[in-house]
Structure formats: C-alpha cells, structure tokens
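Chemist:
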Amino acid sequence: MKILALAALMVALPAGAEPTAADVQNVLQRDLHPRGQAGMDRLSQDAVQRACTESRDHPSAEVAKSLQAGEMKSISFPDGDLIGDWKKGEAIAQSGRGMTWNDKAGEPAGGSCYNCHELSPKEMSHGTIGPSLKGFGKKRGTGNDVQHYVYGKIYNAKAYTLCTQMPRFGPSGTLTPQQIKDLVGLLLDPASPVNQ
Amino acid sequence: MNSIRRALVAVFVLGLVRPLAALAAWNKEAFSAKSAGDALKNLGIANAQPSKDLTVEIPEIAENGAVVPIEISSTIPGTTALIVVIDKNPFPLITRFDFKEGALPFVKLNAKVGETSDVRVLAEAAGKYYVTTREVKVTIGGCGG
Amino acid sequence: MPGPMKMRATLGQGFTDVRVLMTHPMETGQRKDSEGKLVPMHFIQNLTVKVNGKPVIEAQTSQAISRNPVFSFRLKGGTKGDKIEVSWVDNEGESNRTEVALA
Amino acid sequence: MKLVAIAVTAAAAALLAVGASAQDTAKEIQRYRDMIAEGSPAELFELDGETLWKKPQGPKNVSLEKCDLGVGPGVLKGAYATLPRYFKDADRVMDLETRLLYCMTTLQGRAPEEITKRPFGSADKPSEMESLSAYIAAQSKGMKLEPGLSLPKEKGSFELGRAIFFQRTGAWDFSCASCHGQEGVRIRMQDLPVLYKPQFARPVIATWPAYRVSTSQFVTLQWRMNDCFRQMRTPEPTFGSETTVALIHFLTVTAQGETYNGPGIKR
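Protein chains in written order, with our numbering: chain A, 1 to 196; chain B, 1001 to 1145; chain C, 2001 to 2103; chain D, 3001 to 3267.
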C-alpha cells in the first residue's frame, strides 16, 4: 500500500500559510521518484531557481546582479573562433530530445530552440516564448564580442538574465561545447538560413 | 496483376458481368495507385466536371494531419457514388461510397492527410462525374520532444 | 477480437442521421512501434449500411481513414423501429457489426 | 507521425504564401476543432469504461459499482464535476483517478502496485484508468465544475498546487508557468493557455479527460501532469501522489464554475 501510505505521511505545512519554495521542494522529493537519467538531485533548487521562484521571476536588482555574476563564472569559453557548422546547428535547434526520463543517457540532446524561437525563415512552426532570432547575425555581425555573447547566452542564459525561461544548456549537461559552437554558427554564419 | 484478372476487371467495368459481390469488392488497383491520376483511371473516371452542387466542408488548416474531417453532400440529381482523393498522400484514393435506394448522397469522415494537399471530392451521377477541389494545410504543434 | 462499435441514429426532417464509431487501428504500414519495427498494414476495407436487412450504402476504404473511424450518413425518411445495421470487414478478414432500432 | 513532421515546412510556407493573417489562422483552427469535436472516438472508451466499472475483479471479485466518488456509493451522475475533493475515509483530497485507485484497493482488494503498473495505456491498449475516466467524466456533461474548497485540507491542497505551479525546478529550471504563465505565446504551433488565470483555465479544464488525435489515445489529467513533468526534465511524479492531485485541484479550482463539456478531443 505504498501509495496510500504516502498520503498519510504528509509533509507538515504550517496551517493556513502558503507553502514556501522549500516546502514545495520537500513535497516533490517525497512524491517524485527517479526514472531513467532523471535523478532526485534535479529537484534540489539552487540559488537561482530559489530566487526566481520566490520572486515569481522578478528578483531585486541586487540579487540579480550578484547571482548573475556567479553564473557568469560557470562559463568557460573555448579558445579561438566560436562559429561552428550551422547545418549541424540547425539540426540541434530542431531537436526537442534529450534529458527526459525516457531519453537514453549519453545520447546527444537537442536544444529545443524552435520550441520557443523563430530562427530560419524556412521553419514556420516555431514557438514565441523567446524573441525572434531571424536575421540575428546580419544585425549583430560576427565579431569576437558577439561570438562570445551568443556562446555564453546558450551556455548559461541565467548569467545574463537571471530569471529567463531559457535553460542553462552548459551547466545542465544538455549540450556540449561543440554543439553550442554549431548553434553559434546557425545564428551568426552569413551562410546560415537564419541570415538569409 | 495477371492478365486474366485484368480481363475480369475489364469485364466488371464494362458491366457485362455483375455478380452481387462486385460492388462490395475492394478495388485493389485503384487503392494501390500512387498518384491521383492513376487512382481515378483505375476507377474508370475521366472528364470530371466542376460542380457547385457538390458541397465539401473541410477545414482550411488542420492542426493535426492524423485527423482531418471531411463532410460531403451532393444535390446533383441521381448521385450514386462519392469518392475522396487526397493528391499528396502516398496512396491518394481514400474512399468510395456507393449509395443505393434509401440513402442520401452524404457522408462525413475523418482522413489522414500527410502534408498540405489538394483534396478532390468526386460524385458519380447518371454515368457522369463531377468534382470539387479544396486545399487543406497541415501544421504541427507541441513540444516536439 | 475487434473493439466496440457505437452507433446513434436520429430521426431528422425527412431523413435519418446516422453516426457510427468503430474501434480500429487503421495501420498504414508506415508507422513504427516503440521498438522501431514497422507495424503491418491493418485497416478496414469494406463498410456496409443496411436498413431492415437491405443494403443502402456500400463503401470501400483505404488505410488513410483516421484511426478509430467515425462516419456519418443520412438515410431517406425513416420510421420508428427501422433496424439500421453497420458492418465492416478489414484486410485481415476480421469483421464487426452493430445495429440499432430507430427510436 | 513522421509524415506530418515533414509536412510542417510545406504547410508553413503555404501559410506564408497566402498571407493568412493570424486571426484567420486562429479562426480556421477553431473550425477544425469544432469539426473534429462532433464525432469523438472518446465514446468508444466510455463503452470500455462501463464494462470495467461493472466487471467483478480482484481478490474480492467485486465490481466498482459501490465505489463512492463523492456523491454517494455508486452514484456517477455529476460525480466528476465535484472532484477533486476531500474524502473522509481516506483523509485526503483525491482526484478521479486517485479515488478509483482507492476503490480498487479497498473494494476489490487489489494491490496498488498492480493497478499502477501501467496507469497510462497506448493506442492499442488503453489503461483501465483511462477507460474508467472516460465513462465517469461523461456523466458530468453539462454540469458546473465545483471542486471542493471549503474544508481546510481542500484549501491546503489548492494552495500547495498553486505553489507547485510556480516552483522552478528540474534540469532545465522550468516551472509550470514557464510555458503556461504568459499570454499569447506558443510552443512550436501550439498555443499555450495561461492556466493560473480563470478565463484561460476554464475551457481547457472543462474538456479533460480527452481523446488525443495525434496519438489516438484517451488521456487523463494524471497523464497530463506526468508528461509535463517529463518535459520539464524532472524525475517522475508518482501516480495519485499529493503533488499531482494538488496541481489538478489548483487547475480545476481556477476553472470552477465552467460547464463541464468533456470528455473532449485534443490535438
């Protein structure tokens, strides 16, 4: 009677008060179970998730500044040119696979980019949660600064905007540095469909 | 298809032999055709005329190609059959409905549409064929994961 | 054994509206299962509608009819107690039928 | 459906070509939804569900016909519209599926492990929970959604559900609100309802559970919660756990007062 027994084992919440982020974390720890590559460690909120939960994605300027600085340190930029193969980048942007409990661990993941962003004008089935990136390289150029900005943003978007809905593709282990370079290529390469 | 069978089919088409089962049989040649033209040829249909009296209700945009509703009704006098062909499907012929005394030439069904395509609906009346063509666009939604 | 069918017949103005639901996978032969194997073609090929035992509609269908097919028909006139029967046969020779009396 | 995936680009290009305004597109998609709603295969699952409801099962070899879904033992009419709610016998808030699980264990004497081994079925083989949900929910058609909210445990469940809705967690830092918190946005081509606001929650919740045309499956709210967590890259929520029930409770309370119009049909 595991499931019914669980119900009796209520996490003690103070009566009448709204559950805090820490309370919810305890409830989730109790009610979710590991499956496939999705382990229980994924439920431990880090400082960023906690600050964004508690402020409903509107952290104070000081909190944002200090946590963003910490996130910035997570990014290690590869040496040299960061513009990879835009064709591979397009495939990564299209794929919504990876990191779920039924994706095989170790298999290359996608970036789910089109779920939220407009990129290549050829792909009209794009989401609108994030801004349109159509023509991004044409507007921003391909300079060293832009390359680093794009690489950094994909690697860890929370270093730039603390409570963005965009995942931290580097620290979460979703994308490899090479995959991120290929996405930089998709955004910046003048030959990429994004810039046509 | 061997020649004997081809001959038999020809005989049926000519109406020289009409066993009871003929109408109910499944037209393998027409359903196996890979183009709309071949499918119609196998059904013995040529020179279908556009007709306003053949009404087709179909959404212009389908959120999911797995289920695309099509509603057809004909006010062409003496309509005895309705046929649906989806041009871009791998096997374009979808269905043929034969109506006898007691039934009205009306049908509503759901079809799979593989990609944005013309949908041709044909009616047979007194040995003549009529057609109405509509385009349906297929999109996709969801997380794609 | 084939899954259930469900039919509803309603007397309209001068005609009878019939809607029938059928449980059938309508496999195209192009779909892969969870193990990546192609699922063989399996679909309804023939459909017959009878009123009081007399066939009034005979249809031939392809694998491109959507899974769990739904069809609506209209029959001329109609009298309370008319027996309406719908039956199907698929490419594997399986079949099913259902009937209602017009209320 | 790969076929459809390939079609996307073509379809999209065509949409662009005709210059269909967003409004026209929305109108046509609504027409599509109305047309498919007229003949929903959900009714086939209702038939299966009725058989299962009346079938003696388990060590006690009894049916579920004495199961109390909140409005009296065996009463189905309107029961779904009052869920989730607090049940004294179990001393907790339950949604339909959790209550069914309770009845299967107490009335039929079955082991929860056996029942929840396969809570979500496939197109070829729907699960017991799915068919039963179809049968039971259908008997609340036309009734107003009135989930329990007067008792302290019901209020607690609603509050917990709301807090979970906004909790950022998992490998990708998502909360439910990451996708369902912003008006007028979509994932790929799919519009995202802002589920903490009544005007958006109402039509959505009033049509669950539902037949899903893209997978030909009958899907329930427990499934919907489960698959959202999967896409949020978290571990898996246990079937019938307080987390899933609290979320369903929060969503249903947000939609309360809406006339139940399911089982529905979804993309």
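For each residue, glycine too, the CB sits at the ideal point set by N, CA and C.
Between which residues of its own chain and P3198 of chain D is the CB-CB distance below 7 Å, once the five residues before and five after are set aside?
Modeler: Here the set comprises T3254 and A3255.
Chemist: Under the three-state reduction of DSSP, which class applies to F1091 of chain B: helix, strand or coil?
Modeler: In the structure shown, F1091 of chain B sits in coil (DSSP, three-state: anything other than H, G, I, E or B).
Chemist: So, with DSSP's three-state summary, where would you put N2096 of chain C?
Modeler: If DSSP states are grouped into helix, strand and coil, N2096 of chain C belongs with the strands.
Chemist: With a floor of 4 residues, list each alpha helix (DSSP H) that falls wholly inside the stretch 94-170 of chain A, ordered by position along the chain.
Modeler: Counting whole runs of 4 or more residues, the stretch 94-170 of chain A contains the alpha helix (DSSP H) stretches 113-116, 136-140 and 144-155.
Chemist: Going by Cα to Cα distance, which pick from D:T3243, D:F3239, D:M3189 and D:T3220 is closest to E3159 of chain D?
Modeler: Closest option to E3159 of chain D, Cα to Cα, is D:T3243.
Chemist: Less than 7 Å between the C-beta atoms of Q2030 of chain C and N2091 of chain C, yes or no?
Modeler: It is not a contact, given that the beta carbons lie outside the stated cut-off.
Chemist: When you compare each of D:K3066, D:Q3217, D:V3093 and D:Q3167 to K3153 of chain D by their alpha carbons, which one comes out closest?
Modeler: Taking only the C-alpha atoms, the option nearest K3153 of chain D is D:V3093.
Chemist: Spatial neighbours of I1045 of chain B within its chain, please: CB distance less than 7 Å, with the 5 preceding and 5 following residues excluded, ordered by chain position.
Modeler: Excluding residues within five positions, the ones whose Cβ falls inside 7 Å are L1122 and Y1129.
Chemist: Leaving aside the five residues before and after R3186 of chain D along the sequence, list all residues of the same chain whose C-beta is less than 8 Å from its C-beta, in chain order.
Modeler: Excluding sequence neighbours, R3186 of chain D sits near L3192.
Chemist: So, at 8 Å on beta carbons, what are the nonlocal neighbours of S3150 of chain D in its own chain, with the 5 sequence-adjacent residues on each side left out?
Modeler: Nothing listed; no residue qualifies.
Chemist: When you compare the CB of T161 of chain A with every CB in chain D, is at least one pair closer than 7 Å?
Modeler: No, no contact with chain D.
Chemist: Can you grab the Cα-Cα spacing for the pair M3225 of chain D / K2050 of chain C, in whole Å?
Modeler: Taking the straight line joining both Cα atoms gives about 45 Å.
Chemist: Could you tell me whether any Cβ in chain B is nearer than 7 Å to the Cβ of R2061 of chain C?
Modeler: Looking at the sequence shown, residue 2061 of chain C is not Arg but Thr. Output row for T2061 of chain C: interface = yes.
Chemist: Taking C-beta to C-beta, are D85 of chain A and G185 of chain A nearer than 7 Å?
Modeler: In this structure, G185 of chain A lies closer than 7 Å to D85 of chain A by Cβ.
Chemist: Measuring CB to CB, does T99 of chain A end up less than 7 Å from A159 of chain A?
Modeler: Residue identity check: residue 99 of chain A is Met in the sequence provided, not Thr. No. Outside cutoff.
Chemist: Beta-carbon separation of T3220 of chain D and N3261 of chain D under 7 Å?
Modeler: Not a contact, by the Cβ cut-off of 7 Å.
Chemist: Closer than 8 Å by beta-carbon distance: list the chain B residues that pair up with L2075 of chain C, in chain order.
Modeler: Within chain B, the residues near L2075 of chain C are G1102, A1103 and L1104.
Chemist: Report yes or no: is there a C-beta of chain B within less than 7 Å of the C-beta of S2066 of chain C?
Modeler: It does; some Cβ of chain B falls within 7 Å.
Chemist: What residues in the stretch 130-160 of chain A have a beta carbon less than 8 Å from any beta carbon of chain D?
Modeler: Of all residues in the stretch 130-160 of chain A, K158 have a Cβ within less than 8 Å of some Cβ in chain D.
Chemist: Between D3024 of chain D and S3131 of chain D, is the Cβ-Cβ spacing less than 7 Å?
Modeler: No. Outside cutoff.
Chemist: Quick one: measure Cβ to Cβ for E1071 of chain B and E1060 of chain B, integer angstroms, because I've assumed they're closer than 8 Å.
Modeler: In fact, because the Cβ distance is near 14 Å, the residues do not count as touching under 8 Å.
Chemist: So is L3132 of chain D in contact with chain C if we call contact Cβ pairs under 7 Å?
Modeler: So no, L3132 of chain D is outside the interface.
Chemist: Can you pull the DSSP bridge partners for E2027 of chain C?
Modeler: Paired residues: C:H2042.
Chemist: Expressed to the nearest angstrom, what Euclidean distance is found between the alpha-carbon atoms of D1118 of chain B and A109 of chain A?
Modeler: For D1118 of chain B and A109 of chain A, the distance between alpha carbons rounds to 37 Å.
Chemist: With 9 Å as the C-beta to C-beta threshold (strictly closer), list the residues of the stretch 3112-3124 of chain D near chain C in chain order.
Modeler: For the stretch 3112-3124 of chain D, which is checked against every Cβ of chain C, the residues closer than 9 Å are S3122, A3123 and D3124.
Chemist: Compare the C-alpha of S2072 of chain C against each of C:A2101, C:V2089, C:L2047 and C:H2024 and name the closest.
Modeler: For S2072 of chain C, the nearest C-alpha among the options comes from C:L2047.
Chemist: In the structure shown, what three-state DSSP assignment does E3154 of chain D receive?
Modeler: If DSSP states are grouped into helix, strand and coil, E3154 of chain D belongs with the helices.
Chemist: List, in chain order, every chain B residue whose beta-carbon is nearer than 9 Å to that of V3213 of chain D.
Modeler: By Cβ distance, chain B contributes E1063, N1064, A1066, V1067 and N1110.
Chemist: Quick check: the stretch 3171-3185 of chain D against the stretch 64-84 of chain A, are at least 3 beta-carbon pairs closer than 8 Å?
Modeler: No, they do not touch.
Chemist: If you scan the stretch 3114-3152 of chain D from start to end, which runs of the alpha helix (DSSP H) of 4 or more residues do you find wholly inside it?
Modeler: DSSP runs (the alpha helix (DSSP H)) wholly in the stretch 3114-3152 of chain D: 3128-3138.
Chemist: Mapping DSSP to helix, strand and coil, what is R3110 of chain D?
Modeler: Residue state, collapsed to three classes: coil.
Chemist: Quick check: what's the CA-CA separation for K153 of chain A versus I3164 of chain D?
Modeler: Their Cα atoms are separated by approximately 27 Å.
Chemist: Check this for me: beta carbons of A3138 of chain D and F3218 of chain D, under 7 Å apart or not?
Modeler: Not closer than 7 Å, so no.
Chemist: Can you tell which of A:D145, A:T161 and A:Y155 has the C-alpha that lies nearest to the C-alpha of D182 of chain A?
Modeler: Checked all of A:D145, A:T161 and A:Y155; the closest Cα to D182 of chain A is A:Y155.
Chemist: Considering only the alpha carbon of each residue, which of A:R140, A:H148 and A:K134 lies closest to Q196 of chain A?
Modeler: The option with the nearest alpha carbon to Q196 of chain A is A:K134.
Chemist: Tell me whether A1021 of chain B sits in a helix, a strand or coil according to DSSP, three-state version.
Modeler: For A1021 of chain B, the pLDDT reaches just 43, beneath the cut-off of 50, and the residue's location in the model is therefore unreliable, although a value from the coordinates is still provided. Residue state, collapsed to three classes: helix.
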